[in-house]
Each structure stands twice: as structure tokens, then as C-alpha cells.
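Q: Structure in C-alpha cells, see below.
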Amino acid sequence: MLSRNLKAMGIMYRKKKRAPKYTDKQLQEIPLRARRLYRTLLNDDFELILDDEKYFLLHNESVAANRGFYTSDPNAAPPEIKFKRSKKFEPKVLVWVAISENGISTPFFSYQQQAINQATYLNKCIKARLMPFIDNYHNKNKVLFWADLARSHYGHEVMEYFNENNISFVPEQHNPQNCPQARPIETFWSLLEQMVYAGGWEAKNLEQLKRRISQMLKKFDITVVQSMFSNIPKQLRRITDKGPYGACSL
304 MLSRNLKAMG IMYRKKKRAP KYTDKQLQEI PLRARRLYRT LLNDDFELIL DDEKYFLLHN
364 ESVAANRGFY TSDPNAAPPE IKFKRSKKFE PKVLVWVAIS ENGISTPFFS YQQQAINQAT
424 YLNKCIKARL MPFIDNYHNK NKVLFWADLA RSHYGHEVME YFNENNISFV PEQHNPQNCP
484 QARPIETFWS LLEQMVYAGG WEAKNLEQLK RRISQMLKKF DITVVQSMFS NIPKQLRRIT
544 DKGPYGACSL
């Protein structure tokens with residue numbers, strides 16, 4: 304009876320949307336930054352490049368195939384199948400990559416537990432991987448590099464290197480903070496994760512995990528990336544008009 308009454312009134316059950324937690328200051332600043340970036344992309348002919356980094360574990364229970372098991376007798380199932388066993392400090396590898404409508408860069412892998420510092424970011428990511436990616440797949444004069452807002456990404460030495468090499472980048476004050484819904488690379492990571500752990504796949508060690516990630520990056524459909532990038536202006540406009548919550552996906 305209740306459900307029929309609610310339906311008659313146009314009231315439906317809906318799942319909560321996923322969204323970061325924002326401060327009042329961020330809720331004020333994000334639409335302003337999104338507007339600046341939107342206008343930049345609207346008024347100029349850029350080849351946009353995004354970068355980001357993500358940790359991968361040997362296994363991933365967030366992928367549906369890894370959450371459970373099938374059996375007619377749970378008591379007969381061995382412990383390694385029946386139980387999810389975790390360590391206090393799980394082995395993991397940090398993966399950095401840059402993406403654009405033209406392709407995916409060579410990844411950088413790090414086994415350290417800490418985030419990438421400025422020196423590593425500049426030498427291992429920017430100089431060793433981003434610059435060859437730009438030279439091989441882009442018109443350098445049209446490139447606009449949109450980095451994550453991690454402190455190392457906007458360090459003095461990094462900014463100085465970009466200026467010396469005539470690489471245009473999104474200024475910090477134009478970069479919407481804590482706003483993954485504006486950056487399709489977040490969706491890219493989610494899809495790559497599904498590919499890596501498909502069918503309940505688990506790595507025995509970090510080297511095997513590294514090889515698996517590299518293989519899946521080579522198989523990633525570039526048309527999917529292109530579709531993601533085509534939606535960026537629309538997302539930025541939505542954030543400008545409705546704020547960051549208005550652009551969150553279901």
C-alpha cells in the first residue's frame with residue numbers, strides 16, 4: 304500500500320549519488336575555477352592531456368567477481384576460498400599515467416608506500432614519460448596539460464620546467480579542487496581496474512601485477528578515452544551552473 308501511494312505521488316526510491324566531501328570554501332571556489340577552465344577550453348584549440356596516479360593491490364574485492372564464491376557445501380570449501388584474508392599493510396604498486404584523445408602514455412610504476420614527491424614526479428613522470436608522449440602524439444604548441452592538484456604536481460621546479468619547455472598547463476587557480484567528476488581519468492582508472500581484476504584475477508606478486516597492468520593499458524580502447532574527453536566541457540559547464548554536487552554521476 305505504501306509503495307503504491309508513493310508511486311502515485313511521483314515519489315520513487317533512488318540510490319544515493321557518490322560525491323566527495325566538500326568544505327564551504329570549496330563549494331564556493333570550485334564553480335569559479337570550473338568556469339575559468341571551461342572558458343579556456345571553449346575559446347582555444349587545445350590538445351588536452353590529463354595525468355594521475357593510483358594504487359593497485361594484488362587483488363581487489365571492489366570488483367564483483369572477487370567478492371564471493373560458488374559452492375554446494377560451504378563447510379567443504381578450503382580457507383583460502385572461504386575467507387577474505389587481509390594484511391595490515393597490503394603490498395601495492397603506484398601507477399602514474401597520462402592520457403589524451405590521442406593515446407595513453409608509458410606508465411610509471413613505484414613500489415614505495417608514499418605519494419610521489421616533486422623530484423620523482425619531474426624526472427620519472429614528466430621528463431621521462433610525459434614529454435615523449437607529447438613529442439610522439441601531439442602538437443606541442445597546442446598541448447594544455449591538466450595535472451592533478453597534488454602538491455608535487457604544482458611544485459616550483461615542475462612549473463619552471465614547463466615554462467622553459469613551452470608547455471601550457473592549467474593554472475592552479477583554474478583547476479577545480481577535489482572534483483573527480485570533472486576529470487575523466489577517474490573513470491579511466493575504474494575501467495582499467497575492472498580489466499586488471501576481471502574474472503577474479505589476482506596477482507601473486509607485484510611484478511606480475513605490474514605486467515598485468517601494462518598489458519591492460521595496451522588493450523584499453525582509445526575510443527572510450529575519446530568519448531570521455533568529449534564530455535569534459537559539458538561537465539565543467541554543469542559544475543559552473545549547479546556546483547560540484549550537480550555534476551556527480553549516479
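Quick note, the numbering used here runs 303 ahead of the 1-based positions in the sequence shown. From the three backbone atoms N, C-alpha and C, an ideal C-beta is built for every residue, glycine too. These numbers come from a predicted model, not from an experiment.
1) On the premise that leucine 433 lies in contact with glutamate 350, defined as a C-beta separation below 8 Å, what is that separation, rounded to the nearest angstrom?
2) Within the continuous beta strand (DSSP E) that includes phenylalanine 448, where are the two ends?
3) Once DSSP output is grouped into helix, strand and coil, what is the label at glutamate 350?
4) In its own chain, which residues sit with a C-beta less than 6 Å from the C-beta of leucine 452, not counting the 5 before and 5 after it?
5) Drop a sphere of 10 angstroms on the beta-carbon of arginine 342, count the other beta-carbons inside from all chains shown, and report buried for 16 or more, exposed for fewer.
6) Just to confirm before moving on: does the CB-CB distance between methionine 531 and phenylalanine 491 stay below 8 Å?
7) Does isoleucine 525 pass the burial test, meaning 16 or more other C-beta atoms within 10 Å, or should it be called exposed?
8) I need the DSSP call for valine 473, collapsed to helix, strand or coil.
9) Using DSSP with H/G/I as helix, E/B as strand and the rest coil, what is glutamate 460?
10) How would you write the range of the beta strand (DSSP E) that tryptophan 492 sits in, first residue to last?
11) Going by DSSP in three states, alanine 506 sits in which element: helix, strand or coil?
12) Give me the residue from Asn426, Phe465, Ser408 and Trp504 with the minimum Cα distance to tyrosine 440.
13) Give the C-beta separation of isoleucine 352 and isoleucine 488 to the nearest angstrom, bearing in mind that I take them to be a contact with Cβ-Cβ under 8 Å.
14) Note down the Cα distance separating lysine 507 from glutamine 421, rounded to an integer number of angstroms.
15) Taking the beta carbon of arginine 370 as the centre, do at least 16 other beta carbons fall within 10 Å, making it buried, or is it exposed?
16) The alpha helix (DSSP H) spanning lysine 558 covers which residue range?
17) Could you tell me which of Tyr424, Asp438 and Ile470 sits nearest to phenylalanine 411, measuring between CA atoms?
18) DSSP three-state call for alanine 550: helix, strand or coil?
19) So, for tyrosine 358: in the same chain, excluding its five sequence neighbours on each side, which residues have a beta-carbon less than 8 Å away from its beta-carbon?
20) Quick check on the DSSP output: the beta strand (DSSP E) that includes isoleucine 429 runs from which residue to which?
21) Going along the chain, which residues of its own chain have a beta-carbon closer than 6 Å to the beta-carbon of asparagine 498, five neighbours each way excluded?
22) In this structure, how does DSSP classify serine 408 when only helix, strand and coil are distinguished?
23) Alpha carbon to alpha carbon, what distance is there between glutamate 467 and aspartate 327?
24) If you follow the beta strand (DSSP E) that isoleucine 419 is in, where does it begin and where does it stop?
25) Roughly how many whole angstroms lie between the Cα atoms of isoleucine 330 and alanine 337?
A: Taking the definition as stated:
1) Indexing the sequence shown from 1 puts residue 350 at position 47. Indexing the sequence shown from 1 puts residue 433 at position 130. With 8 Å as the limit, glutamate 350 and leucine 433 do not qualify as a contact, their Cβ atoms being about 13 Å apart.
2) Counting from one through the sequence shown, the residue named residue 448 turns up at place 145. Looking at the DSSP string, the run of the beta strand (DSSP E) that includes phenylalanine 448 is 446 to 449.
3) Here residue 350 corresponds to residue number 47 of the sequence shown, with the count starting at 1. In this structure, glutamate 350 counts as strand in the three-state DSSP scheme.
4) Position 149 of the sequence shown, counted from the first residue, corresponds to residue 452. Excluding positions up to five away in sequence, the list reads Asn478 and Gln480.
5) Translated into the one-based positions of the sequence shown, residue 342 becomes position 39. Result: exposed.
6) As a position in the sequence shown, residue 531 is number 228, starting the count at 1. As a position in the sequence shown, residue 491 is number 188, starting the count at 1. Contact flag set, yes.
7) Residue numbering aside, residue 525 sits at position 222 when the sequence shown is read from its first letter. Isoleucine 525 is exposed by the Cβ-count criterion.
8) On the sequence shown, position 170 is the one that residue 473 refers to. Reduced to three states, the DSSP call for valine 473 is coil.
9) As a first step, residue 460 must be located in the sequence shown, where it is residue number 157. Correct three-state label for glutamate 460: helix.
10) Counted from its first residue, the sequence shown places residue 492 at position 189. In this chain, tryptophan 492 is not harboured by any beta strand (DSSP E); it is covered by the alpha helix (DSSP H) spanning 488 to 499.
11) Translated into positions along the sequence shown, residue 506 becomes position 203. The DSSP-derived three-state label of alanine 506 is coil.
12) As a working mapping, residue 440 is identified with position 137 in the sequence shown. Sorting Asn426, Phe465, Ser408 and Trp504 by C-alpha distance to the C-alpha of tyrosine 440 places Ser408 at the top.
13) Locating residue 352 in the sequence shown gives position 49, counting from the first residue. Locating residue 488 in the sequence shown gives position 185, counting from the first residue. About 10 Å separates the two Cβ atoms, so there is no contact after all.
14) As a working mapping, residue 507 is identified with position 204 in the sequence shown. As a working mapping, residue 421 is identified with position 118 in the sequence shown. Taking the straight line from one Cα to the other gives about 31 Å.
15) One-based indexing of the sequence shown puts residue 370 at position 67. Legend: pLDDT at arginine 370 = 47, less than 50; position of this residue unreliable, value from coordinates given subsequently. Label assigned to arginine 370: exposed.
16) The structure shown does not extend to residue 558, since the chain is modelled only from 304 to 553, so the question has no answer here.
17) Start at 1 with the first residue of the sequence shown, and residue 411 comes out as number 108. The option with the nearest alpha carbon to phenylalanine 411 is Tyr424.
18) Stepping through the sequence shown from its first residue, residue 550 is reached at position 247. Of the three classes helix, strand and coil, the one that applies to alanine 550 here is helix, per DSSP.
19) Stepping through the sequence shown from its first residue, residue 358 is reached at position 55. Only Lys395, Val396, Leu397 and Val398 meet the Cβ criterion.
20) On the sequence shown, residue 429 is found 126 positions in, with the first residue counted as 1. No beta strand (DSSP E) contains isoleucine 429, which DSSP labels as neither H nor E.
21) The sequence position of residue 498 within the sequence shown is 195, counting from 1. Note that residue 498 corresponds to methionine in the displayed sequence, not to asparagine. These residues qualify, in order along the chain: Met519.
22) Here residue 408 refers to the residue found at position 105 when the sequence shown is read from its first residue. If DSSP states are grouped into helix, strand and coil, serine 408 belongs with coil.
23) Position 24 of the sequence shown, counted from the start, is the residue given in the question as residue 327. Position 164 of the sequence shown, counted from the start, is the residue given in the question as residue 467. In this structure, the alpha-carbon of aspartate 327 lies about 37 Å from that of glutamate 467.
24) As a working mapping, residue 419 is identified with position 116 in the sequence shown. Careful: isoleucine 419 lies outside any beta strand (DSSP E) and carries neither H nor E.
25) The count along the sequence shown starts at 1 and reaches residue 330 at position 27. The count along the sequence shown starts at 1 and reaches residue 337 at position 34. A quick correction: the sequence has leucine, not isoleucine, at residue 330. Whole-angstrom Cα-Cα distance: 11 Å.
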